[in-house]
């Protein structure tokens, strides 16, 4: 079946190539509108879901967090081989458990990343100058008659074979970019050497797996920097003749123009296979995209649409540091806009993709999309983006046997938030509630925020819930559209610099915000009196900084920024993060003024910050966020159901193995009410897991419609909520609502006030540093020895055994080794022990924060077994991050409630 789908895709691409790599544009009713047609009756094959792979997207365990990993549904990744010294983190064996926990399928390893330098071994093919210990990878500078790299291949393969719990799910990549300065660039002279070396390493890998009775080891190659027709032909011809064909064919698609040429390269490859009589091989584009694509949904969807159309896998390129999905997640546990697109794409698992006709194919930076239909859940989806005009969506082929005569349609918007900027749960911006189909077709128009945004359209049969646009009031403005004083608007051309830049929302931003009179004024009308979150998307280059937010000329609130990446010219001023503050506003019109000075004459520390966009959101009622059944993920047979009157479109979850998964955003760490709306046919118990821990059992006493609520401490960012029930339920939706008043149940301890042992010392930060450390103090030199710890005695609020969250505000700017362009970040670990209790109450790795005086937050789940044992924090083997403060919170408070609806 896989080969049939591949053959269909190949024939389509060949036809398009013959026609000049284009298709007739779809006519739009209005020349100012882009038309996108989706025919759900024309299947293009089973959804593959491999286009959101990553190269070094994983750092160490928990970086990214498990919620981010599972939510993004990453199916394939390339990581460092065991013993690798190319990067400080990313060892495949250390991250495999998290990767394979839910959606991971293929763990690739770059064997040459054993070498610490780029290009590998100085760019020169090694000879025989060493003798390697096959058990440890250690070596002596003594020749032994065996090619050095072959010995490296053997002990790397041996490590996977003997130490991995998933050895059969690995793919070995022996050579990375051999055409690009890594040993074999001159094909006219190095072709025989490369081909012989390929055979030697391929054979060695198979020998290692055979001696451990692991069967065939998968090997991927050749791994060229770009599509290389002649090299590929020579490689395949030789590999076929010598029975060493790769299991996955690999090359890279990295440039801007590759969006236009990718399909032609694929067509060339298919012709080559056919000419040589080779059965279709799976393909993985193990590096694709430029800096400008990362974290930008309107760019990423263009790549994803090509790869899903061709049914090939792909991995975003590693331009910065390991552990954030290549700039497609934010902070330690948060989503940026790129992550939400990954999540939407992963939601298509179990679907069949369908024919999508954009205005033009094979054209750089244009409207593109993916369409899919999931007949088991009676759910159709369109993901699209990349254009800057309003979109006319022409949907057809919606079978009446699946969708009935009327459908519900919800459109969600996902706008650019910057690589490090937090993007909240995408908002519903348009609905069609119970719209009649005409011959299985319906059309609608959707406004487009800008060409960097992406959109999700979900179509279902008419549901028994009222559809509405997002009920929480929110508005936004581009910084360049505010009233500016002593600041400059800059155009950010997405084609400049060969793609080596990060993009700005709307294509422009505001800089030179470096005078005491610099300000950006936004006049906005709010609907009611209450509390509002003001968010700034902007770049704080390399150091934390501050602004002042004035309301109607007074009531200044300090806006505190954390540092953003700024190690190179193409990161500085462009690697955008976000800052958030909550302010009171009365109903009516206000002028919000973001300023570089509080007094008009003295600059705030590091206030020269690039401004991209402002957002204002009403959080008075705790910002209730609804996750309807139509958007959730199901496993074990759980599915949407339309057979029960007054519960059409609810999800049937019943029995062992069935589960509904919710990926809920928390803007800040603290307590939230998780409310579950459902229907039962009798008494029922519902298990609730949050971030892998059982937190509560909700219950319904009898037949009826219910809302059950539990108050849970959530970590800032994405939280994975899993719902199960043995008795059965019809799940309508899950709602999260901030319960900030309950944060008093948590205990916050300043790190400098803890009991310090060994070398642990207090750090003091100057006001001029712009640091966001509370009280401008923290502690450092923790760890790197068993005695260098700090201790928190038990007290009220955490004086009982049970499950707790420990939110740690920390800084980590450690780099290890050197690289031409990648920041070699080190993830630091904290171990938590309980005196008199379990030796390991919890632990976590803490990612890079860009500066030692810039603090982020990471939550450690801990389980305590005593009432009085102190909590001891340290790391006997290496330094922990520096610590500003800790917040210790019971995972749940109060008693769950159930009310009839």
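Residue numbers (this note's numbering): 899 to 1799. Virtual Cβ for every residue (Gly too), placed ideally from N, Cα, C.
Taking a 10 Å sphere around the C-beta of residue 1719, we find fewer than 16 other C-beta atoms and assign the residue as exposed. Here the alpha carbon of residue 1393 sits roughly 18 Å from the alpha carbon of residue 1317. Under the 10 Å beta carbon count, residue 1367 is surrounded by fewer than 16 other beta carbons and is classified as exposed.
By the criterion of at least three beta-carbon pairs nearer than 8 Å, the stretch 1724-1738 is not in contact with the stretch 1659-1676.
Where residue 1235 is concerned, the enclosing alpha helix (DSSP H) starts and stops at 1235-1244.
Between the stretch 1164-1180 and the stretch 1216-1229, the count of C-beta pairs closer than 8 Å stays below three; the two stretches do not touch. The three-state secondary structure of residue 1312, taken from DSSP, is strand.
Excluding five sequence positions before and after residue 1341, the CB atoms of its chain that fall closer than 8 Å to its own CB belong to 1290, 1291, 1292, 1293, given in chain order.
Distances from the alpha-carbon of residue 1209 to those of 1072, 1457, 1032, 950 put 950 closest. By alpha-carbon distance to residue 1533, the top candidate from 1443, 1379, 1032, 1621 is 1621. In the DSSP annotation of this structure, the continuous segment of the alpha helix (DSSP H) that includes residue 1050 starts and ends at 1046-1061. Listed as beta-bridge partners of residue 1449 by DSSP are 1452, 1490. Its Cα nearest to that of residue 1542, the residue 1362 stands out among 1362, 1468, 1716, 1515. When the beta-carbon positions are compared, residue 1407 and residue 1380 stay at least 7 Å from each other.
If the five residues before and after residue 1560 are omitted, its C-beta is found closer than 7 Å to the C-beta atoms of 1525, 1530, 1619, 1632, all from its own chain and listed in chain order.
If one requires a minimum length of 4 residues, the alpha helix (DSSP H) runs lying completely within the stretch 1177-1241 are 1195-1208, in chain order. Ranked by Cα distance from residue 1549, the options 1570, 1630, 1702 are led by 1630. Residue state for residue 1497 is assigned as coil, using DSSP reduced to three classes. Runs of the beta strand (DSSP E) lying entirely within the stretch 1287-1370 and spanning at least 3 residues, in chain order: 1289-1294, 1304-1312, 1325-1334, 1340-1344, 1352-1359.
Using a C-beta cut-off of 8 Å, the stretch 1247-1260 makes no contact with the stretch 1771-1781, since fewer than three inter-stretch Cβ pairs fall below that distance. Counting every other CB atom within 10 Å of its CB across the protein chains shown gives residue 1022 a total below 16, marking it as exposed. Between residue 1523 and residue 1323, the gap from beta carbon to beta carbon is short of 7 Å. When Cβ pairs closer than 8 Å are counted between the two stretches, the stretch 1051-1068 is seen to touch the stretch 1000-1014, the count reaching three or more. Check the Cα spacing between residue 1771 and each of 1678, 1721, 1798: the tightest is with 1678.
Residue pairing by DSSP places residue 977 opposite 1007 in a beta bridge. Taken atom to atom, the span from the alpha-carbon of residue 1590 to that of residue 965 is near 9 Å. Of 1486, 1500, 1494, the smallest CA-CA separation from residue 1445 is found for 1494. Here residue 1651 is not near residue 1753, since their CB atoms are 7 Å or more apart.
Between residue 1694 and residue 1546, the alpha-carbon positions lie close to 47 Å from each other. With a contact defined as Cβ atoms closer than 8 Å, residue 1507 and residue 1436 qualify at about 5 Å. Rounded to whole angstroms, the separation of the alpha carbons of residue 975 and residue 988 is 10 Å. Residue 1686 and residue 1775 have their alpha carbons spaced roughly 10 Å apart. Going by DSSP, residue 1088 is part of the alpha helix (DSSP H) stretching over 1085-1109.
Taking C-beta separations shorter than 7 Å and ignoring five residues to either side along the sequence, the partners of residue 1088 in its chain run 1082, following chain order. Residues of the same chain with a CB within less than 6 Å of the CB of residue 1707, apart from the 5 flanking positions on each side, are 1753, 1755, 1782, 1783 in chain order. Straight across, the Cα-Cα distance linking residue 1145 with residue 1036 is about 30 Å.
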